[in-house]
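Asker: So that we are looking at the same thing, I have put the structure below in structure tokens.
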Amino acid sequence: MAKTHVTMKVNGAEVEGLVEPRTLLVHFIRENLQLTGTHIGCETTHCGACTVDIDGMSVKSCTMFAVQANGSDITTIEGMANADGTLSHLQEGFRQMHGLQCGYCTPGMIVRAHRLLKENPSPTEEEIRQGISGNICRCTGYQNIVKAIQYAASKINGVEFKEAAE
Amino acid sequence: MNDLTPTREQRTAALEGMGCKRKRVEDIRFTQGKGNYVDDVKLPGMLHGDFVRSPHAHARVKSINSEEALKVPGVLAVITAETLKTVNLAWMPTLAGDVQMVLADGKVLFQNQEVAFVVATDRYAADDGVSKVQVEYEPLPVLIDPFKSMAPDAPVLREDLAGKTTGAHGPRKHHNHIFEWSVGDKDLTDAAFKKADVTIKELISYHRTHPSPLETCQCVCSFDKIKGELTIWGTFQAPHVIRTVVALIAKLPEQKIHVISPDIGGGFGNKVGAYPGYICAAVASIVTGKPVKWVEDRIENLTATSFARDYHMTTEIAATKDGKVTGLRVHVLADHGAFDACADPSKWPAGFFNIVTGSYDFPVAHLSVDGVYSNKAPGGVAYRCSFRVTEAAYCIERAMDILAQKLGMDPAELRLKNFIRREQFPYHSALGWEYDSGDYHTAMRKMLESTDYANLRKEQADKRAAFRRGETREIMGLGVSFFTEIVGAGPSKNCDILGIAMFDSCEIRMHPTGAGIARMGTKSQGQGHETTWAQIIASEIGIPADNIMVEEGNTDTAPYGLGTYGSRSTPVAGAAIAMASRKIKAKAQMIAAYKLEVHEDDLEWDIDGFRVKGLPEKFMSMKDICWAAYNSVPPGMEPGLEAVSYYDPPNMTYPFGAYLCVMDIDVDTGVYKVRRFYALDDCGTRINPMIIEGQVHGGLTEAFAIAMGQEIRYDDGGNVVTGSFMDFFMPTAVETPHWETDFTVTPSPHHPIGAKGVGESPNVGGVPAFSNAVNDAFSFLGSTHIQMPHDYWRNWQAAKSLGVLA
Amino acid sequence: MIPGPFSYHRPDSVGDAIKLLASLGEEARPLAGGHSLIPMMKLRLATPGHLIDLHGVAGLKGIRRDGSRIVIGAMTTQHELLASDEIRTSLPILQEAAALIADPQVRYRGTLGGNVANGDPGNDMPALMLTLRAAYRLEGPNGAREVMASDFYQGAYFTALEPGEILTAVTIPVPAAGHGYAYEKLKRKVGDYATAAAAVVLTMSGGKVASCAIGLTNLHETPLLAIDAAKAVIGTSLDDASLKNAATAARAIMSPAADARGPVEYRKHVGGIMVTRALQRAASRAK
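Residue numbers (this note's numbering), protein chains in the order written: chain A, -5 to 160; chain B, 39 to 844; chain C, 805 to 1091.
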């Protein structure tokens, strides 16, 4: 199958590549761009480990073709840290609140949480759980992920973070 | 002393040693997407391999035609059993003493069994190649029901075992029989039952499920033809064992095999054993001279890698009319699928199921287990369970509730009446274990008080009355679970994997500037060893944890270990870490004595260094001792400061816990709501409370999934009905309940730091709590035992059969 | 998990899209949100030789009011429905249903057109379209036509779409002010299709049901309009007996598949319960 040329912006940098039409966006990101932070956990669009941020939307990159992302503006986990290289509030929150164990769901989870907090800067616990319902975690039981996102929301909004009692 | 001198509290805090909520080292890279997982490994010229799999559960393979597949651009080879036979690898040994087909050899025995391995230049071409391989099958009768496996006319599955009336674990009774294992005193137990006031008997099944870590199984095998060396990156919970197994079956010298487990995205027991993908990728690499990567899909992971559980336990308890248990009798029918690939220590074909006496003082007990073959995926593995401990805990905790119901006693009261008492430890159980320590009454009482259990029972009584009056369609259940589990495999006298004793190890090397590197034979898949192992060392030798680099998973550099599963890391490697640290400390003491010009016995340890007794200002920090080790050691002593310990544990460890699940169920829809879940765990000494809490949250979530619907189910034709995340229940943040954690501390007397391990406790204790809650909810309507999983539709069916549907 | 090869097309007009579909025939499939089609392609259960991506086609987006009707472009995503003030005020039941479809990521891409056009019995929007008396604009080589949602579904994955046609817009008459509505969906977990779901739109007058429409999801090979069930409650105050009659009437037309969600008997039973609960919630909202 003849390859197509695609160009897009990824983490602020213009990138390009040659892909078959059937090349999944997640494979383009992982193999062509060598950005291996975005992960694959299933083939039925359930787990969310492949979540990236495209044109202001949280998207499962395993369910989109790279050709469809031509001209798009994409942020992956590698683009989540602050410009000076320090950890973002979300990344710091996941560390402080023990919101990760094996780390495999973490990139998709952080990228999704990033968009969630833009949709809803002060979500309730219920809204956070609904907001990350497209991301499966096997290790944490989600409770500390919720805390991590609450931590980040507080920092972003400039309010004091009060860790919920057990 | 002045204001600038740090206090003892400050010096202790600066170490970030045992007991503190040290933030994880791993998180720095994981939160930035800089983990290094197997599929991230890219090597020049790397090829991809993918499997052709059988759609049939049982069939002869008449022919495999690769002609069209080989025409697909990028496809280089199609490996079949015929290819593997040339290197004697068409079959491989399992951990349980059986053999397993790597690729279909004349027949297939379960749906999605590996038939051929397509090797191509990239994964897209490999998938194209797979779709073009033509296999001709002749379907055979299918055996799915383990209760029918030993019928006289049952289909013959293992033609390779024809005529073999003895297996790895003794005599075989039938062509589908694998082993019989029994323990305990049959005569005394039978006698106890004969004269019992009250007995219960119930078939309690623990359904087939799967560990399903978020990252599937995968490997990259790279054979260097020039050097004759094989390097394997893989999702291996036990990398050294894999290396030894590969050396034995591939007949390659072990020093020329390099096994590396990089970051692993969850294991939960799925990644302990060897799978056909590893063997085929290795063979493909040896044949092509290029690296070969194999990454399985989720459906492949769920349907072809090892399942967990599938234990059918006929359980009987004998008791006095006052509720004192007098005997336990259990027979288990164990469905192992097509091959017995059970990941157990070799002498234990039923794992440590004989922990089934649980937390209770049974004077006599007898257990027998029959393992059988069926047309299902091979296994089973210990899905966050130690070895068959989840099955045992479910069995006894369910049975105690059934007994309580028959006696008309509260389930918590029945347990308190029968607990092993604190004074009885170390306790010798009727089925052969020596429990190290426990204080069950304290833990139980703490749980009952913290949850206001008495009032919950009152509420339940009121709700039951309201239900009977037709005022509500909701029923309420309290699920009590008091588990004792057995982890930390294990003492060499009875624990080995393929003949290798189940010790573990730690090697520590201190550098001149007061930093160090430590390597262990374990392999974290999320448990945070890089963080917690350094905490142990920090407390033991007084060097800040941040200055200790921890490495696991590279078999060239790490001392030999049996890996991480069965909650064995803290009990075994944790002990090795403490012992190696103490060797370092002992040498450090000699160096300090020499430098301070006193006798060793004049020194006492003080947090981060040695102080001369009676002369507090004469102190030498461990940091300074590290420097001294490289330039001024006492005459006759070797320079340097390092130590290695291989620890053969004297016993297993026995963590325990008290859990309570409060559940409400709508009988008309079967929909349940977990109103509250309280989990008290006693894992002995607690290294990092934050990590313990995380382990409990995660394990409870797995337990919740298992109890409430997560199963690997086959239809009568042997088709997997729940083979993807569409139907294999993986709860999201919305379904997952809120967890409350609590603890008591009863150290293990035989462990150097008193720690017992905790990773699997929540799965062991969690499932019974959920299942007992459902059963407790329905019991007033007349049920004795409702089998899990407790999906909505099954709860509804239970309500229907009890006649309560409008 | 790798799709078979295909050629990719990205027309910028409806006309060009139709020309492509017509000329490429059966081998061509339109690609909307892709969250039904692409998973099937990854399992090689669908192997189209050509994909016609509709994301570049002008005129398929937008939500606008046209007198007493709302016109929604087929490529409007579930997320856009949830963000729309127009939908919130005029067709709040669409928002209630959209929020119950899949998960946040899928909703960013999944479209209304995709959800209603492929005939998947598990999709939620079709039953709502029946309940709301929606009409679909179909455009093809022979021109454009309007087909009522109630005439569109013929079997599982079998619709009134002719070869070469695509669904370009959904037109929905705005329900009366003060109408009551509810979408009651029982599912095993977030992201699952309905074990059973019922949509209700009704109006009340003097404490009694004046008008009522009931739609059923995933309880048959097509979405269902439960006409007899709705009749059973009109003129009643939704007392227990009427609710029971509605549930019974609804069950009589259900024939759900037995699957991992439960046996047929269970799904019919809870299907009836979804009807009664949706009726009660809708009534509580009606003014």
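For glycine and all other residues, C-beta sits at the position ideal for the given N, C-alpha and C. None of the values given here were measured: they were computed from a predicted structure.
Name the chain C residues whose beta carbon is nearer than 7 angstroms to that of residue 42(A)?
Answerer: Within chain C, the residues near residue 42(A) are 909.
Asker: Starting from residue 2(A) and walking both ways along the alpha helix (DSSP H), at which residues does that stretch end?
Answerer: No alpha helix (DSSP H) contains residue 2(A), which is instead part of the beta strand (DSSP E) from -2 to 4.
Asker: Please determine if the segment 286 to 304 of chain B and the segment 228 to 241 of chain B are in contact, where contact requires at least 3 C-beta pairs separated by less than 8 angstroms.
Answerer: At 8 angstroms Cβ cutoff, the stretches do not touch.
Asker: Can you grab the Cα-Cα spacing for the pair residue 302(B) / residue 62(B), in whole Å?
Answerer: Cα to Cα, residue 302(B) sits roughly 16 angstroms from residue 62(B).
Asker: Taking only beta carbons into account, state which residues of the segment 157 to 185 of chain B come closer than 7 angstroms to chain C, listed in chain order.
Answerer: Residues passing the 7 angstroms Cβ filter: 161, 162, 165 and 169.
Asker: My guess is that residue 59(B) and residue 669(B) are in contact by the Cβ rule of under 8 angstroms, so how many angstroms apart are they, rounded?
Answerer: With a Cβ gap of about 37 angstroms, residue 59(B) and residue 669(B) do not count as contacting.
Asker: Compute the distance between the beta-carbons of residue 860(C) and residue 814(C), then report whether it is under 7 angstroms.
Answerer: Yes. Within cutoff.
Asker: Would you report the Cα separation of residue 853(C) and residue 842(C), rounded to the nearest angstrom?
Answerer: Those two C-alpha atoms are separated by around 13 angstroms.
Asker: Which residues mark the beginning and the end of the alpha helix (DSSP H) in which residue 453(B) is found?
Answerer: 449 to 456 is the span of the alpha helix (DSSP H), which, as asked, contains residue 453(B).
Asker: With 7 angstroms set as the bound, which would you pick, yes or no: does the beta-carbon of residue 332(B) sit closer than that to a beta-carbon of chain C?
Answerer: No, because no Cβ of chain C sits closer than 7 angstroms to the Cβ of residue 332(B).
Asker: May I have the straight-line CA-CA distance separating residue 482(B) from residue 822(B), to the nearest angstrom?
Answerer: The alpha-carbon atoms of residue 482(B) and residue 822(B) are separated by roughly 24 angstroms.
Asker: Is there a Cβ of chain B sitting closer than 7 angstroms to that of residue 56(A), yes or no?
Answerer: Residue 56(A) does not count as touching chain B.
Asker: Checking the sheet assignment: what are the DSSP bridge partners for residue 695(B)?
Answerer: Partner(s): 521(B) and 719(B).
Asker: Please report the straight-line C-alpha distance between residue 540(B) and residue 103(B), rounded to a whole angstrom.
Answerer: Residue 540(B) and residue 103(B): Cα-Cα distance of roughly 45 angstroms.
Asker: Less than 6 angstroms between C-beta atoms, sequence neighbours within five positions excluded: which residues of the same chain meet that for residue 1064(C)?
Answerer: Within the same chain, residue 1064(C) has no close Cβ partners at all.
Asker: Is the CB-CB distance between residue 846(C) and residue 113(A) below 7 angstroms?
Answerer: No, these two residues do not count as a Cβ contact at 7 angstroms.
Asker: Counting only the same chain and skipping the five closest in sequence on each side, list residues whose C-beta sits under 6 angstroms from that of residue 877(C).
Answerer: Counting only Cβ-Cβ distances below 6 angstroms, and skipping sequence neighbours, we find 864, 865, 866 and 973.
Asker: Hey, how far is the Cα of residue 565(B) from the Cα of residue 637(B)?
Answerer: Using only the alpha carbons, I get a separation of about 42 angstroms.
Asker: Could you tell me whether the segment 577 to 586 of chain B touches the segment 608 to 620 of chain B, using the rule of 3 or more Cβ pairs below 8 angstroms?
Answerer: Because the criterion of three Cβ pairs below 8 angstroms is met, the segment 577 to 586 of chain B and the segment 608 to 620 of chain B touch.
Asker: Count the other CB atoms, across all protein chains shown, that sit within 10 Å of the CB of residue 827(C); report buried if there are 16 or more and exposed otherwise.
Answerer: By the neighbour-count rule (16 or more Cβ atoms within 10 Å), residue 827(C) is not buried but exposed.
Asker: Give me the chain C residues within the contact set of residue 117(A), using Cβ-Cβ distance strictly less than 8 angstroms, ordered along the chain.
Answerer: Chain C residues near residue 117(A): none, gap ~12 angstroms exceeds 8 angstroms.
Asker: Mind checking which residues open and close the beta strand (DSSP E) that includes residue 1109(C)?
Answerer: Nothing can be reported for residue 1109(C), as the shown portion of chain C is limited to 805 through 1091.
Asker: Using a Cβ-Cβ cutoff of less than 7 angstroms, which residues in the same chain neighbour residue 769(B) once the five nearest sequence positions on both sides are dropped?
Answerer: Cβ within range, chain order: 739, 742 and 743.
Asker: Could you check what DSSP says for residue 488(B) in three-state terms: helix, strand or coil?
Answerer: Looking at residue 488(B) - three-state DSSP - the assignment turns out to be helix.
Asker: Apply the 10 Å Cβ neighbour rule to residue 804(B) and answer buried if 16 or more other Cβ atoms are within range, or exposed otherwise.
Answerer: Buried: at least 16 other Cβ atoms inside 10 Å.
Asker: What residue range is occupied by the uninterrupted alpha helix (DSSP H) comprising residue 341(B)?
Answerer: Residue 341(B) -> alpha helix (DSSP H) spans 336 to 342.
Asker: By a C-beta neighbour count over all protein chains shown, 10 Å radius and 16 as the cutoff for buried, is residue 149(B) buried or exposed?
Answerer: By the 10 Å Cβ count, residue 149(B) comes out buried.
Asker: Are the CB atoms of residue 92(B) and residue 180(B) within a distance shorter than 7 angstroms?
Answerer: The answer is no: Cβ separation not under 7 angstroms.
Asker: Residue 473(B) to residue 54(A), Cα distance in whole Å?
Answerer: Straight-line Cα distance between these residues: approximately 49 angstroms.
Asker: Scan the segment 1048 to 1073 of chain C for residues whose Cβ lies nearer than 9 angstroms to a Cβ of chain B and list them as they occur along the chain.
Answerer: From the segment 1048 to 1073 of chain C, only 1048, 1063, 1064, 1065, 1066, 1067, 1069, 1070, 1071 and 1073 have a Cβ closer than 9 angstroms to chain B.
Asker: Just mark residue 138(A) as buried or exposed, buried being the case when its beta carbon has 16 or more other beta carbons within 10 Å.
Answerer: Classification of residue 138(A): buried, given that the 10 Å Cβ count is 16 or more.
Asker: Relative to the alpha-carbon of residue 416(B), which residue among 511(B), 514(B) and 246(B) has its alpha-carbon at the smallest distance?
Answerer: Closest option to residue 416(B), Cα to Cα, is 246(B).
Asker: So, does the segment 1074 to 1086 of chain C touch the segment 769 to 786 of chain B, judging by three or more C-beta pairs under 8 angstroms?
Answerer: The answer is no - the segment 769 to 786 of chain B does not touch the segment 1074 to 1086 of chain C, with fewer than three Cβ pairs under 8 angstroms.
Asker: Given a limit of 9 angstroms on CB to CB distance, which residues of the segment 274 to 303 of chain B reach chain C?
Answerer: Residues passing the 9 angstroms Cβ filter: none.
Asker: Report the CB separation of residue 1034(C) from residue 1045(C) in whole angstroms; it is logged as a contact under 8 angstroms.
Answerer: In fact, because the Cβ distance is near 16 angstroms, the residues do not count as touching under 8 angstroms.
Asker: Would you kindly report the start and end of the unbroken beta strand (DSSP E) that includes residue 129(B)?
Answerer: Residues 129 to 131.
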